[in-house]
Amino acid sequence: MTHDSTAVQLASSSSKATASGGWWRDAVIYQVYVRSFADSDGDGIGDLRGVRSRLPHLARLGVDAVWLTPFYVSPQADGGYDVADYRAVDPLFGDLSDADELVRAAHALGLRVIVDVVPNHTSEQHPWFRAALAGEPGARERYHFRPGRGPDGAQPPNDWESIFGGPAWTRVADGAWYLHLFAPEQPDLDWDHPEVAAEFASVLRFWLDLGIDGFRIDVAHGMVKAPDLPDIGRGAQATLIGTEPLPFFDQDGVHEIHRSWRRLLDSYGGGRIGVAEAWAPTSERLALYVRPDELHQAFNFRFLNCPWDPAAMRTVIDESLAATTAVGAPTTWVLSNHDVVRHVTRYGGGARGLARARAAALLMLALPGSAYLYQGEELGLPEVADLPDRVRQDPAFRRGRRRLWDTDGPAGPVGSEGSEGKAGGAGSPAPDSATASEPEGQDGLRDGCRVPLPWSGAEPPYGFGPAGSWLPQPAGWGGLSVAAQTGDPHSTLELYRAALELRRAMPGLGAPEAGTGTGAGAGADAAAEAPYGPYACGMRWQSAPEGVLLFTRPGFACTLNSRPDPVELPAPGRPVLSSAPVETDGRTVRLPPDSCTWWSL
1 MTHDSTAVQL ASSSSKATAS GGWWRDAVIY QVYVRSFADS DGDGIGDLRG
51 VRSRLPHLAR LGVDAVWLTP FYVSPQADGG YDVADYRAVD PLFGDLSDAD
101 ELVRAAHALG LRVIVDVVPN HTSEQHPWFR AALAGEPGAR ERYHFRPGRG
151 PDGAQPPNDW ESIFGGPAWT RVADGAWYLH LFAPEQPDLD WDHPEVAAEF
201 ASVLRFWLDL GIDGFRIDVA HGMVKAPDLP DIGRGAQATL IGTEPLPFFD
251 QDGVHEIHRS WRRLLDSYGG GRIGVAEAWA PTSERLALYV RPDELHQAFN
301 FRFLNCPWDP AAMRTVIDES LAATTAVGAP TTWVLSNHDV VRHVTRYGGG
351 ARGLARARAA ALLMLALPGS AYLYQGEELG LPEVADLPDR VRQDPAFRRG
401 RRRLWDTDGP AGPVGSEGSE GKAGGAGSPA PDSATASEPE GQDGLRDGCR
451 VPLPWSGAEP PYGFGPAGSW LPQPAGWGGL SVAAQTGDPH STLELYRAAL
501 ELRRAMPGLG APEAGTGTGA GAGADAAAEA PYGPYACGMR WQSAPEGVLL
551 FTRPGFACTL NSRPDPVELP APGRPVLSSA PVETDGRTVR LPPDSCTWWS
601 L
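Numbering follows our numbering, with no gaps: position 99 of the sequence shown is 99.
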């Protein structure tokens with residue numbers, strides 16, 4: 001039995017979560033990295049018209065919404081996360097009419113549209129920062145300008161380090177220093193200044209008026225800094241993000257900003273949402289971002305960083321569900337994005353890495369809550385690990401930052417979105433185990449996961465556009481293209497299509513409220529089944545052999561065999577979808593190695 005035997009008659013076009021408190025609660029949202037998705041004009045760079053032309057692929061895939069990375073006017077010092085004009089489209093990607101037409105086309109296909117907003121910092125080319133450098137009265141108060149320390153102020157104001165390497169401060173011509181937690185071209189805004197809050201409320205309204213359905217908030221944990229900007233007292237600060245309190249991230253003051261944005265979103269109606277890209281030291285701290293009066297979702301990067309180990313997976317799942325359920329929010333799962341080594345490669349690469357990636361996708365899509373897919377993961381794309389230095393554009397590469405997959409602590413985020421990509425942190429799935437030294441990911445840099453997609457054809461650019469592509473595509477990707485995989489019942493693309501179809505159809509999947517029961521924390525065995533507290537999602541862990549995860553939800557069961565060898569166990573029910581062929585006589589089942597299977601009960 002393989003995924004081509006999906007019971008398609010179960011499919012339904014209606015979303016369960018609409019009736020249970022919000023479309024986002026069980027939504028599957030697809031991330032489009034705009035410059036690498038589809039090129040309409042032959043310049044080798046993806047654009048908004050290209051995205052619009054490929055929306056039918058996303059509708060057929062079965063996702064609920066698309067998240068677009070920044071397409072605003074930008075010098076592109078960090079892939080558009082250095083914004084010079086928040087209300088205009090960069091000519092690289094089109095113009096405002098293209099954005100409007102894309103939103104309308106998406107809505108016509110039943111897809112919602114979420115866009116990035118970048119509130120922690122601007123571009124150095126933003127009019128505000130140019131005014132600050134020019135000495136315009138009051139302009140520097142919108143940013144963090146400080147005098148230096150030491151003789152003649154020649155030392156930075158404190159010991160903070162840039163996520164991209166080097167000090168987080170740059171000195172300007174008159175001797176003052178400005179803060180940039182990312183690249184020097186990305187000066188941090190001072191959210192204590194009232195004009196900053198007013199400007200971003202206006203920016204949000206501008207895009208909401210255009211019809212946008214929500215915002216993914218870049219560095220949602222970073223806008224507020226501790227008073228007086230105190231020293232940290234140690235180096236390698238990027239390794240501390242998400243593990244320890246830091247004076248520049250996850251300060252309590254960010255929550256009032258998010259409350260004000262929630263009020264603004266609610267005033268528009270229509271299910272407009274805010275999604276936090278946030279890192280916090282604990283699951284409980286992260287859950288604060290999705291309290292009822294704050295944002296709707298927050299990315300769960302602990303799941304992304306989890307090793308290929310069933311005990312670790314179960315712990316992360318339990319803790320994540322317990323924390324978000326405590327505040328009445330869904331958990332949001334993710335395996336890959338534009339800041340991390342693709343999970344096919346993180347899980348070992350080759351046939352084994354692909355098998356594990358397919359299994360992990362089914363596991364993720366079976367869990368309560370919402371899920372995010374990164375473009376190309378539905379094709380089983382690996383990381384491109386052999387890009388020549390001359391084509392790499394990651395600012396971390398230009399600043400000489402080298403990140404290894406270590407086992408002593410997280411290697412830290414690498415995006416301007418910063419904390420989103422812990423490319424090589426503790427617990428990151430390594431090629432063979434959690435203790436392997438380093439994957440084929442170009443030292444954790446991000447260009448390898450941003451190579452443009454293959455759509456069709458046997459040779460580059462594989463239908464990406466009329467000409468080449470801004471990053472070179474590997475030879476041999478023709479077999480991974482959308483055209484090549486469509487209709488192949490064994491392909492990764494058809495596996496994803498089948499999974500999303502079933503996810504909509506089976507009543508026990510998706511939303512945390514799906515089905516009945518109080519979940520793993522119910523009854524006398526609650527302490528043994530869910531040591532991190534109950535969560536009302538109808539999910540229960542069941543006994544399983546070593547190396548196997550087995551949980552049930554109403555009318556549904558999921559098995560994950562993480563072992564490199566087959567495992568036999570009593571069949572939980574009728575198999576409806578599997579990442580690899582399953583042998584069963586109806587009473588027992590032989591689970592293939594590195595596989596996940598869905599069962600109807």
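We treat Cβ as the ideally placed atom computed from N, Cα and C, and that holds for glycine.
Check: Same chain only: Cβ atoms within 6 Å of Ser469, ignoring 5 sequence neighbours per side; Outcome: Gly44, Pro452, Pro461
Check: Trp191, DSSP secondary structure in three states; Outcome: coil
Check: Segments assigned alpha helix (DSSP H), at least 4 residues, entirely inside the region 271 to 322; Outcome: 283 to 287, 301 to 304
Check: Segments of 4+ residues assigned as alpha helix (DSSP H) that fall wholly inside the region 130 to 172; Outcome: none
Check: Proximity to Asn619 [Cα-Cα], best of Asp41, His180, Gly349; Outcome: In the structure as shown, the chain starts at 1 and stops at 601, and residue 619 therefore has no counterpart that could be examined.
Check: Residues that DSSP places opposite Tyr178 in a beta bridge; Outcome: Phe145, Thr170
Check: Proximity test, Cβ basis, 8 Å: Pro564 and chain B; Outcome: Of the protein chains in this structure there is only one, and it is not chain B.
Check: Gly271 and Thr331 closer than 8 Å at C-beta; Outcome: no
Check: Distance, Glu185 Cα to Leu365 Cα; Outcome: 38 Å
Check: Burial state of Leu109, where buried means 16 or more other Cβ atoms lie within 10 Å; Outcome: exposed
Check: Close-in-space but distant-in-sequence residues of the same chain around Pro292 (CB under 6 Å, 5 per side omitted); Outcome: Gly328
Check: 8 Å Cβ cutoff met for Thr588 and Leu569; Outcome: yes
Check: Val51 (DSSP reduced to helix, strand or coil); Outcome: helix
Check: Inter-residue Cα distance where the pair is Phe464 and Trp598; Outcome: 34 Å
Check: Alpha-carbon to alpha-carbon, Gly478 and Glu244; Outcome: 44 Å
Check: Extent of the continuous beta strand (DSSP E) to which Leu493 belongs; Outcome: Counting along the chain, Leu493 falls outside any beta strand (DSSP E), though it belongs to the alpha helix (DSSP H) covering 492 to 505.
Check: Under 8 Å between C-beta atoms of Gly376 and Leu354; Outcome: no
Check: Nonlocal neighbours in the same chain, by C-beta distance under 6 Å from Ser579, ignoring five residues either side; Outcome: Arg358, Ala359, Leu362, Ser595, Cys596
Check: Length of the line joining the Cα atoms of Arg497 and Arg503; Outcome: 10 Å
Check: Beta-carbon spacing of Arg314, Leu549 below 8 Å; Outcome: yes
Check: Collapsed DSSP secondary structure at Pro602 in the structure displayed; Outcome: Past the boundaries of the shown model lies residue 602; the chain is included only from 1 to 601, so the question cannot be answered.
Check: Gly62 classed as buried or exposed, judged by whether at least 16 other C-beta atoms fall within 10 angstroms; Outcome: buried
Check: Nearest-angstrom Cα separation, counted from Trp67 out to Trp455; Outcome: 19 Å
Check: Counted within 10 angstroms of its Cβ, other Cβ atoms place Pro64 as buried (16 or more) or exposed; Outcome: Reading off the sequence shown, one finds Asp at residue 64, where the question assumed Pro. Looking at its Cβ environment, which holds 16 or more other Cβ atoms inside 10 Å, Asp64 is buried.
Check: Buried versus exposed call for Glu583 [16 or more other C-beta atoms within 10 Å across all chains shown]; Outcome: exposed
Check: Reduced DSSP secondary structure (H/G/I, E/B, other) of Ala38; Outcome: coil
Check: Distance, Leu111 Cα to Lys422 Cα; Outcome: Because the pLDDT at Lys422 is just 34, under 50, the model does not fix this residue reliably, and the point stays unresolved.
Check: Contact test: Gly50 Cβ vs the ligand MN heavy atom, cutoff 7 Å; Outcome: Absent from the structure shown: the ligand MN. Ligands present: none.
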